[in-house]
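Line order of the protein sequences matches chains A and B.
So our numbering is basically just the index in the first sequence, starting at one, shifted up by 19.
So our numbering is basically just the index in the second sequence, starting at one, shifted up by 19.
2 protein chains.
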Amino acid sequence: MNIGEIARRAGVSRSTVSYALSGKRPVSAATVQRINDVIAELGYRPNASARALAEGRTRTLGLVVPPASRRLTDVQLGFVGSVVDAAAAHDLDVLLSPSGGDHDRSFERIVTGRRVDGVILMEILLEDPRVERLSQASLPFVTIGHVEHPGASWWVDVDYGALITRCVHHLADLGHEEVVLINRSAELVAAGYGPALRSATGFLDATAARGLTARTVCCADEAAAGLACFEQIRTQWPSVTAAVTINEAALPGVQRALHRAGLEVPRDFSLTGVIAERLAEDFHPPLTAADVPAVELGRLAVDLLLAQIADAGAAPRHALLEPPISLRSSTGARRRHG
Amino acid sequence: MNIGEIARRAGVSRSTVSYALSGKRPVSAATVQRINDVIAELGYRPNASARALAEGRTRTLGLVVPPASRRLTDVQLGFVGSVVDAAAAHDLDVLLSPSGGDHDRSFERIVTGRRVDGVILMEILLEDPRVERLSQASLPFVTIGHVEHPGASWWVDVDYGALITRCVHHLADLGHEEVVLINRSAELVAAGYGPALRSATGFLDATAARGLTARTVCCADEAAAGLACFEQIRTQWPSVTAAVTINEAALPGVQRALHRAGLEVPRDFSLTGVIAERLAEDFHPPLTAADVPAVELGRLAVDLLLAQIADAGAAPRHALLEPPISLRSSTGARRRHG
DNA sequence: GCGCGCCATCGAACCGGTTCGATGACCGAG
DNA sequence: CTCGGTCATCGAACCGGTTCGATGGCGCGC
Numbered sequence: 020m021n022i023g024e025i026a027r028r029a030g031v032s033r034s035t036v037s038y039a040l041s042g043k044r045p046v047s048a049a050t051v052q053r054i055n056d057v058i059a060e061l062g063y064r065p066n067a068s069a070r071a072l073a074e075g076r077t078r079t080l081g082l083v084v085p086p087a088s089r090r091l092t093d094v095q096l097g098f099v100g101s102v103v104d105a106a107a108a109h110d111l112d113v114l115l116s117p118s119g120g121d122h123d124r125s126f127e128r129i130v131t132g133r134r135v136d137g138v139i140l141m142e143i144l145l146e147d148p149r150v151e152r153l154s155q156a157s158l159p160f161v162t163i164g165h166v167e168h169p170g171a172s173w174w175v176d177v178d179y180g181a182l183i184t185r186c187v188h189h190l191a192d193l194g195h196e197e198v199v200l201i202n203r204s205a206e207l208v209a210a211g212y213g214p215a216l217r218s219a220t221g222f223l224d225a226t227a228a229r230g231l232t233a234r235t236v237c238c239a240d241e242a243a244a245g246l247a248c249f250e251q252i253r254t255q256w257p258s259v260t261a262a263v264t265i266n267e268a269a270l271p272g273v274q275r276a277l278h279r280a281g282l283e284v285p286r287d288f289s290l291t292g293v294i295a296e297r298l299a300e301d302f303h304p305p306l307t308a309a310d311v312p313a314v315e316l317g318r319l320a321v322d323l324l325l326a327q328i329a330d331a332g333a334a335p336r337h338a339l340l341e342p343p344i345s346l347r348s349s350t351g352a353r354r355r356h357g
Numbered sequence: 020m021n022i023g024e025i026a027r028r029a030g031v032s033r034s035t036v037s038y039a040l041s042g043k044r045p046v047s048a049a050t051v052q053r054i055n056d057v058i059a060e061l062g063y064r065p066n067a068s069a070r071a072l073a074e075g076r077t078r079t080l081g082l083v084v085p086p087a088s089r090r091l092t093d094v095q096l097g098f099v100g101s102v103v104d105a106a107a108a109h110d111l112d113v114l115l116s117p118s119g120g121d122h123d124r125s126f127e128r129i130v131t132g133r134r135v136d137g138v139i140l141m142e143i144l145l146e147d148p149r150v151e152r153l154s155q156a157s158l159p160f161v162t163i164g165h166v167e168h169p170g171a172s173w174w175v176d177v178d179y180g181a182l183i184t185r186c187v188h189h190l191a192d193l194g195h196e197e198v199v200l201i202n203r204s205a206e207l208v209a210a211g212y213g214p215a216l217r218s219a220t221g222f223l224d225a226t227a228a229r230g231l232t233a234r235t236v237c238c239a240d241e242a243a244a245g246l247a248c249f250e251q252i253r254t255q256w257p258s259v260t261a262a263v264t265i266n267e268a269a270l271p272g273v274q275r276a277l278h279r280a281g282l283e284v285p286r287d288f289s290l291t292g293v294i295a296e297r298l299a300e301d302f303h304p305p306l307t308a309a310d311v312p313a314v315e316l317g318r319l320a321v322d323l324l325l326a327q328i329a330d331a332g333a334a335p336r337h338a339l340l341e342p343p344i345s346l347r348s349s350t351g352a353r354r355r356h357g
């Protein structure tokens, strides 16, 4: 069931079969017909490993994802799905590599084994050893998110700082004077996770610019933590009237805490942030928020990666998306004496 | 940077390098040392395609997932994560194939291109053409979920029928007399999606056995549908006092509907079903439910697949898991005159 | 001291494709 | 009729590993 067998049955040489399939040299119509008949009859398809070896490319992209132990957020899930779909649209397969920190067998296999033509890296830190590793391996790659000093690397990202800034201005315009940022977990912040740090910076800058009192808390990525966290906010800073968050997993807990405290959104409390569209719409009431364009970001990452693979010497490109805030119904004017 | 280069620098032949790396023939300690030094210095790793071609195996597993357009449920996400992790534990990579229906280029590439040593298929239907396709391609595969007549195929699954039956008995024991099954979407049921159909059968059998009045509804996989669906239940069958569900995505909507109707769980209404553990615990109050052991199922699928690959002639094996119901706090005795 | 056997290593073939240079048949122009 | 050029096809080399049979050197036993 290999190309030699096809050639034998069609009465031609192996190279002729190869050319008939690839079209890289002309083959007479009659011969093509005969070869195609044999192929259809035997259900032949070329061996991917052999082809990869000969061509020097695997027609496969690597996608480095956080290990399953760390649950994926909705936004991350959106990335994975859109990358896989975008790759499939180009007839490329996606090889998954669960990678946490530095030395990871799966990651190393991907990088040095020439198993993939390029890599998409997600959930990267401000200082991420994997970026360095890929650079020196001279394997094309695109990161979703960007390191502090991207240098010559290609990336796509959402401008968390700008989006959080916009959320703060929105709240300030509504008259809020003391607002809180519910960030991702303290571990992620300590590890140097870009979105968390850039959100914090944007939040502090914007609140300062508008003269608001700023509070920030870190919150583990789970509903229970969201509940605890919100109750702590109410006790510690009772005059806070609005929250900005990028923590999707905490939302169900925040919702419960609001309910338990008898606070109605947006009458008594405003809530906004950067949140996957589906979750923003599932919230009650639907969240006014910057929807992370996960699908677009994933597709863009694949496009950039393919451009980089096609022209290895090209100048690095990147895309910093700043989606508009979708006005839904979770923010309102601050109530005096609220 | 290939094996020939290593051999040249170490002053040995290519086969000696190969044997030194694989250990399949003895190589003197001094030579091994020299080879390892050169390899460490150059950072050499064997080319995966070449190795796959020579060995006839790719050290890669295929995972067929629903296309991204259909959002993954929490349970499905658990499968993907655990399969990837379990494969990584065996130093295997995972190739993703988004596949919906019948003819799918990505699926065909996986099946006939000898890109993978075996395939794990999830989200299968009672009659699934892909199972047939894999069988005739004589490529080892394991399904998560099982077709109606599994024949000689290997599979792992959760016994939805038995679990739903247990839920019904639990409610009957608590005195409920009219209960509703909130199923997955009507499209899935129509397509022949196993869990949905087996749940419905189990539900009808169990309610009949206990003399309960049974109601069933299909509900799209989203919060809004859950809300609408529950409100319809309240109008149409006002005396229903408990619900059983396998629809995770609808839960936030159900929660909101309960709240809107002023029903307190479990005092006024009982809720149970088959639900991912995390979601059951995020619910308010935490759901008494059969937690789908997604992680165990994924690991098991990989184990069975590897067994099948190792011994192609082995008799088909399968595993039907029936996890216990976790008693949390969403079910209670029916209130008279409720 | 000679032959035997073992140990380490080598060379060549092979896996299944792609690609390049060469070859032969055929056609039209001179 | 011959020569040049095109077109279709072929054969061989190559991609980078693995594996099998062969070989050379060495130590040991008799």
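Idealized CB from N, CA, C, for every residue including glycine.
- Here DSSP, grouped into helix, strand and coil, assigns Phe222(B) to helix.
- With a contact defined as Cβ atoms closer than 8 Å, Glu196(A) and Arg353(A) qualify at about 7 Å.
- If you draw a straight line from the Cα of Leu306(B) to the Cα of Leu140(B), it is about 29 Å long.
- When rounded, the separation of the alpha-carbon atoms in Ser218(A) and Ala242(B) is 28 Å.
- Leu316(B) and Phe126(A) have their C-alpha atoms some 25 Å from each other.
- Leu140(B): member of the beta strand (DSSP E) spanning 137-141, first to last residue.
- With a threshold of 9 Å between beta carbons, Ser101(B) makes contact with chain A.
- Closer than 9 Å to the CB of Ile294(A) there is not a single CB belonging to chain B.
- Distance from the Cα of Glu267(B) is smallest, within the candidate group Leu80(B), Leu91(B), Gly81(B), Tyr38(B), for Leu91(B).
- Taking all protein chains shown into account, Glu296(A) has 16 or more neighbouring C-beta atoms within 10 Å of its C-beta and is therefore buried.
- At a cut-off of 9 Å, the C-beta of Gly272(B) has a neighbouring C-beta in chain A.
- Using a CB distance cut-off of 9 Å, Pro148(B) does not count as an interface residue toward chain A.
- When secondary structure is reduced to three states using DSSP, Phe98(A) falls in the helix class.
- Counting along the chain, Asn202(B) sits inside no alpha helix (DSSP H); it lies in the beta strand (DSSP E) bounded by residues 197-202.
- With a beta-carbon spacing of about 7 Å, Ser349(B) and Ser289(B) fall inside the 8 Å limit used to define contacts.
- Residue-level contact check: Ile129(B) touches chain A, since one or more beta carbons of chain A fall below 9 Å from its beta carbon.
- For Gly75(A), the secondary structure class from DSSP, reduced to helix, strand or coil, is coil.
- Taken atom to atom, the span from the alpha-carbon of Val150(B) to that of Thr131(B) is near 14 Å.
- Relative to the Cα of Ala87(B), the nearest Cα in the group Pro271(A), Arg279(A), Asp104(A), Ile25(A) belongs to Asp104(A).
- Taking the CA atoms as reference points, Trp173(B) sits about 46 Å from Ala276(A).
- Segment contact: the segment 54-70 of chain A against the segment 93-100 of chain A, fewer than three CB-CB distances shorter than 8 Å; contact not assigned.
- Between the C-alpha atoms of Gly194(B) and Leu216(B) there is a straight-line separation of about 26 Å.
- Straight-line measurement puts the Cα of Pro159(A) at about 35 Å from the Cα of Ser157(B).
- In this structure, Val175(A) sits away from Val199(A), with a CB-CB distance that is not shorter than 9 Å.
- At a cut-off of 9 Å, the C-beta of Arg44(A) has no neighbouring C-beta in chain B.
- Interface annotation, Pro86(B): in contact with chain A, CB-CB separation under 9 Å.
- Spanning the alpha carbons of Glu283(A) and Leu82(A) requires a straight line of approximately 42 Å.
- In terms of Cβ geometry, Tyr179(B) and Val293(B) form a close pair [threshold 9 Å].
- Taking a C-beta distance under 9 Å as the contact criterion, Ala233(B) and Ala227(B) qualify as a contact pair.
- For Ala205(B), the enclosing alpha helix (DSSP H) has its first and last residue at 205-210.
- According to the DSSP assignment, Ala59(A) belongs to the alpha helix (DSSP H) that extends over 48-61.
- Interface criterion not met: the Cβ of Thr307(B) is under 9 Å from no Cβ in chain A.
- Separation of the CB atoms of Arg185(B) and Ala262(B) is rounded to 15 Å, and the pair is thereby denied contact status at 8 Å.
- Non-local beta-carbon contacts of Val187(B) in its own chain, meaning distances under 8 Å to residues more than five positions away in sequence, involve Val198, Gly221, Phe222, Ala225, Thr226, Arg229, Leu231, Val263 in chain order.
- When the five nearest sequence neighbours on each side are left out, the beta carbons in the same chain lying within less than 8 Å of the beta carbon of Trp256(A) are those of Glu197, Val199, Arg234, in order along the chain.
- Interface annotation for the segment 51-67 of chain A against chain B: Gly62, Tyr63, Arg64, Pro65, Asn66, Ala67, criterion Cβ-Cβ distance under 9 Å.
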